[in-house]
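Undergrad: Using the numbering used here, the letters of the sequence shown correspond one by one to residues 6 to 327.
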Amino acid sequence: MDTLNSSNRGSTLYVVIPCYNEEEALPETVKRLREKMNELISDGTISDSSRVMLIDDGSADRTWEMINALHNADRLFCGVKLSRNRGHQNALLAGLMTARFRCDFTISMDADLQDDIDAMDEMIAKYKDGCEIVYGVRSSRENDSFFKRATAEGYYKLLSTLGGEIVYNHADYRMMSKTALEALSNYGEVNLFLRGIVPMLGYKTDVVEYERGERIAGESKYPLKKMLDLAEEGVTSLSVKPLRAIFRAGAAALLACLVLLIVFIVQSAVGIAFTGWKTLLLVMLLLGGLILISIGIVGEYAGKIYLETKHRPPYFIECIVE
Ligand code: UDP
Ligand code: MG
Numbered sequence: 006m007d008t009l010n011s012s013n014r015g016s017t018l019y020v021v022i023p024c025y026n027e028e029e030a031l032p033e034t035v036k037r038l039r040e041k042m043n044e045l046i047s048d049g050t051i052s053d054s055s056r057v058m059l060i061d062d063g064s065a066d067r068t069w070e071m072i073n074a075l076h077n078a079d080r081l082f083c084g085v086k087l088s089r090n091r092g093h094q095n096a097l098l099a100g101l102m103t104a105r106f107r108c109d110f111t112i113s114m115d116a117d118l119q120d121d122i123d124a125m126d127e128m129i130a131k132y133k134d135g136c137e138i139v140y141g142v143r144s145s146r147e148n149d150s151f152f153k154r155a156t157a158e159g160y161y162k163l164l165s166t167l168g169g170e171i172v173y174n175h176a177d178y179r180m181m182s183k184t185a186l187e188a189l190s191n192y193g194e195v196n197l198f199l200r201g202i203v204p205m206l207g208y209k210t211d212v213v214e215y216e217r218g219e220r221i222a223g224e225s226k227y228p229l230k231k232m233l234d235l236a237e238e239g240v241t242s243l244s245v246k247p248l249r250a251i252f253r254a255g256a257a258a259l260l261a262c263l264v265l266l267i268v269f270i271v272q273s274a275v276g277i278a279f280t281g282w283k284t285l286l287l288v289m290l291l292l293g294g295l296i297l298i299s300i301g302i303v304g305e306y307a308g309k310i311y312l313e314t315k316h317r318p319p320y321f322i323e324c325i326v327e
């Protein structure tokens, strides 16, 4: 009900940041966030119990030591340490689910400040206007390599043709209110693709555009393999259309076979010699390939079901400093 009375919304913000081997980027990120948060607190936009929550996703470098030191020096920062590396989506979920009991709304972003932190102002304004979810959307991808841009755009298109509801050019820079987080907590999925699940929640939603910059320091923690994994996760966790596509491909292949068969029968009836070994090879390869791909796709979904039925916890929190 409190969405109707939006001016009275609580104003404790938690900025949630997953960090994996971010010792190079953290100092600058922290400096800028501290300025930003203090500014927002002192002009009364957010309450003074607002925090920046850094999630250490099992880093192998000094990330956790840095988070600890930060927390000891300034209570604006708190930290959550996961028991091991669980990947960006799980680390983010761990942070959101921990923050949910401590704040009125969260803003999630990456540790490398590729997302413009000044876009937070608009996100907060929209939250106060009654939005439960606000997506940060990149206005352009000029700072990405041609490869990343082309693959990303192709991917968004693929997902939307497959029926996945996903916000174009939105990564994980987003505002979520307590209500939205509460709803999210009901998704007990092991295979988590936040970008696909959050739009399913509904509620009053809006978008804030911003320019995405370059990573301030360190290297991308998303090598091609992790990117492909996430992309595949997105497709198979949002859509069962690939399974239907297999069926259709099978049906088409069968039809083609029937047509060929009829052609061959007619040919042999009119006395044309049956010199079909090349065609045979082609058809065999085609069918073999189709069958293998199909088994692979079915296997992918079966694997998903296997993992889901185990109900494995997506992460363990080793400790929290706050
Ligand atoms: N990250 C994480 N766990 C991982 C990989 C990445 O928590 O296993 C974090 C990382 O520290 C960063 C965010 O996820 O805050 C996004 O990663 P990155 O900036 O490297 O991805 P890119 O922007 O290159 O896609
Ligand atoms: Mg980045």
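The C-beta atom is built at its ideal place from N, Cα and C for all residues, glycine as well.
1) For Leu316, which of helix, strand or coil comes out of DSSP?
2) Take Gly3 as the anchor and find which of Ser150, Glu187, Glu214 has the nearest alpha-carbon.
3) Do Ser64 and the ligand MG come close, with the Cβ less than 7 Å from some heavy atom?
4) The ligand MG and Ser113: does the residue's C-beta get closer than 7 Å to at least one heavy atom of that ligand?
5) Label Glu27 either buried or exposed according to how many other C-beta atoms from any shown protein chain fall within 10 Å of its C-beta, with 16 as the threshold for buried.
6) So, does the region 263-282 touch the region 195-207, judging by three or more C-beta pairs under 8 Å?
7) Kindly confirm or deny that the region 55-66 and the region 13-21 touch, where touching means at least three C-beta pairs closer than 8 Å.
8) Consult DSSP for Ser242 and reduce its assignment to one of helix, strand or coil.
9) Taking Gly207 as part of the beta strand (DSSP E), name the residues at either end of that continuous run.
10) Below 7 Å CB to CB, which residues in the same chain sit around Arg107 once its five sequence neighbours on both sides are set aside?
11) For a test of your reading of the model: does the CB of Pro23 fall under 7 Å from any non-hydrogen atom of the ligand UDP? Yes or no.
12) List the DSSP bridge partners of Cys83.
13) Do Met117 and the ligand MG come close, with the Cβ less than 7 Å from some heavy atom?
14) Does the beta-carbon of His316 have 16 or more other beta-carbons within 10 angstroms, so that it is buried, or is it exposed?
15) Would Gly294 pass as an interface residue toward chain D - the criterion being a Cβ-Cβ separation below 8 Å?
16) Any idea what DSSP makes of Val20, helix, strand or coil?
17) Got a sec? Which residues, its chain only, sit under 6 Å from Ser52 by beta carbon, not counting five neighbours each side?
18) State the DSSP-derived secondary structure class of Arg143, mapped to helix, strand or coil.
19) Near Leu97, what residues of its chain come up, given a Cβ to Cβ distance below 8 Å and the 5 sequence neighbours on each side ignored?
20) Cβ of Ala99 within 8 Å of Cβ of Leu31?
21) Shortest alpha-carbon distance to Val172 belongs to which of Val139, Ser182, Ala155?
22) Just verifying my parser: in three-state terms, what is the DSSP assignment at Glu5?
23) I want to check one thing, is the minimum distance from the CB of His175 to the heavy atoms of the ligand UDP below 7 Å?
24) Are at least three pairs of beta-carbons, each pair with one atom in the region 178-185 and one in the region 247-262, less than 8 Å apart?
25) Only counting the same chain, and skipping five residues up and downstream in sequence, which positions put a Cβ closer than 8 Å to that of Arg143?
26) Just list the residues that DSSP pairs Cys324 with in beta bridges.
27) Looking at Gly169: is its Cβ nearer than 8 Å to the Cβ of Leu243?
28) Verify the contact flag: Tyr160, CB atom, against every heavy atom of the ligand UDP, threshold strictly below 7 Å.
29) Is the Cβ-Cβ distance between Gly135 and Lys183 less than 8 Å?
30) How about Ser225: is its Cβ closer than 7 Å to a heavy atom in the ligand MG?
31) Alpha carbon to alpha carbon, how far is Ile251 from Ser299?
32) Does the region 116-126 come close enough to the region 37-44 to have 3 or more Cβ pairs within less than 8 Å?
33) In angstroms with no decimal places, state the Cα-to-Cα distance between Ala104 and Pro319.
34) Taking only the alpha-carbon atoms, compute the straight-line gap between Lys162 and Lys36 and give it to the nearest angstrom.
35) Do you know whose CA, among Glu323, Tyr227, Val245, lies nearest Ser165's CA?
TA: The structure says:
1) On the sequence shown, residue 316 is found 311 positions in, with the first residue counted as 1. Reading the sequence as shown, one finds His at residue 316 and not Leu. Looking at His316 - three-state DSSP - the assignment turns out to be coil, as it is neither helix nor strand.
2) Residue 3 lies beyond the range of the chain shown here (6 to 327); nothing can be said about it.
3) Here residue 64 refers to the residue found at position 59 of the sequence shown. Ser64: no, Cβ never under 7 Å from the ligand MG.
4) Locating residue 113 in the sequence shown gives position 108, where the first residue counts as 1. Checking the Cβ of Ser113 against the ligand MG gives no.
5) Stepping through the sequence shown from its first residue, residue 27 is reached at position 22. Glu27 is buried by the Cβ-count criterion.
6) no
7) yes
8) Start at 1 with the first residue of the sequence shown, and residue 242 comes out as number 237. Helix, per DSSP.
9) The count along the sequence shown starts at 1 and reaches residue 207 at position 202. From DSSP, Gly207 is part of no beta strand (DSSP E); its letter is neither H nor E.
10) Position 102 of the sequence shown, counted from the first residue, corresponds to residue 107. Correct list, in chain order: Tyr19.
11) On the sequence shown, position 18 is the one that residue 23 refers to. Yes, the ligand UDP has a heavy atom inside 7 Å of this Cβ.
12) Locating residue 83 in the sequence shown gives position 78, where the first residue counts as 1. Cys83 pairs with Met58.
13) Numbered from its first residue, the sequence shown carries residue 117 at position 112. One point to set straight first is that residue 117 is Asp, not Met, in the sequence displayed. Because some heavy atom of the ligand MG lies under 7 Å away, the Cβ of Asp117 counts as near it: yes.
14) Locating residue 316 in the sequence shown gives position 311, where the first residue counts as 1. The residue in question, His316, is exposed, as its Cβ has fewer than 16 Cβ neighbours within 10 Å.
15) Given the protein chain composition of this structure (a single chain), no chain D is represented.
16) Taking the first residue of the sequence shown as position 1, residue 20 is located at position 15. Strand.
17) Position 47 of the sequence shown, counted from the first residue, corresponds to residue 52. Taken in chain order, the residues that qualify are Ser16, Thr17.
18) Here residue 143 corresponds to residue number 138 of the sequence shown, with the count starting at 1. Residue state, collapsed to three classes: strand.
19) Residue numbering aside, residue 97 sits at position 92 when the sequence shown is read from its first letter. Excluding positions up to five away in sequence, the list reads Val21, Pro23, Ile60, Ser113, Asp177, Leu199.
20) Counting from one through the sequence shown, the residue named residue 99 turns up at place 94. Counting from one through the sequence shown, the residue named residue 31 turns up at place 26. Their beta carbons are not under 8 Å apart, which means Ala99 does not touch Leu31 by this criterion.
21) Indexing the sequence shown from 1 puts residue 172 at position 167. Val172 has its Cα closest to that of Val139, out of Val139, Ser182, Ala155.
22) Beyond the ends of the chain as shown, which are 6 and 327, falls residue 5; an answer cannot be given.
23) Position 170 of the sequence shown, counted from the start, is the residue given in the question as residue 175. No; taking the cut-off as 7 Å, the Cβ of His175 has no heavy atom of the ligand UDP nearer than that.
24) no
25) Start at 1 with the first residue of the sequence shown, and residue 143 comes out as number 138. Excluding sequence neighbours, Arg143 sits near Asn174, His175, Ala176, Glu214, Tyr215, Glu216, Arg217.
26) In the sequence shown, counting from the first residue as 1, residue 324 sits at position 319. Answer is Lys86.
27) Residue mapping note: residue 169 aligns to position 164 of the sequence shown, counting from 1. Residue mapping note: residue 243 aligns to position 238 of the sequence shown, counting from 1. For Gly169 and Leu243, yes; Cβs fall inside 8 Å.
28) For the purposes of this step, residue 160 is taken as the residue at position 155 of the sequence shown. No.
29) Numbered from 1 along the sequence shown, position 130 holds the residue referred to as residue 135. Numbered from 1 along the sequence shown, position 178 holds the residue referred to as residue 183. Result no, Cβ atoms of Gly135 and Lys183 do not sit closer than 8 Å.
30) Within the sequence shown, the letter at position 220 stands for residue 225. It does: the Cβ of Ser225 is within 7 Å (strictly closer) of some heavy atom of the ligand MG.
31) In the sequence shown, the residue the question calls residue 251 occupies position 246. In the sequence shown, the residue the question calls residue 299 occupies position 294. Near 6 Å, if we compare the C-alpha coordinates of Ser299 and Ile251.
32) yes
33) In the sequence shown, the residue the question calls residue 104 occupies position 99. In the sequence shown, the residue the question calls residue 319 occupies position 314. Spanning the two alpha carbons is a distance of roughly 16 Å.
34) Position 157 of the sequence shown, counted from the first residue, corresponds to residue 162. Position 31 of the sequence shown, counted from the first residue, corresponds to residue 36. Answer to the nearest angstrom: the Cα atoms are 37 Å apart.
35) As a position in the sequence shown, residue 165 is number 160, starting the count at 1. It is Val245 whose Cα lies nearest to the Cα of Ser165.
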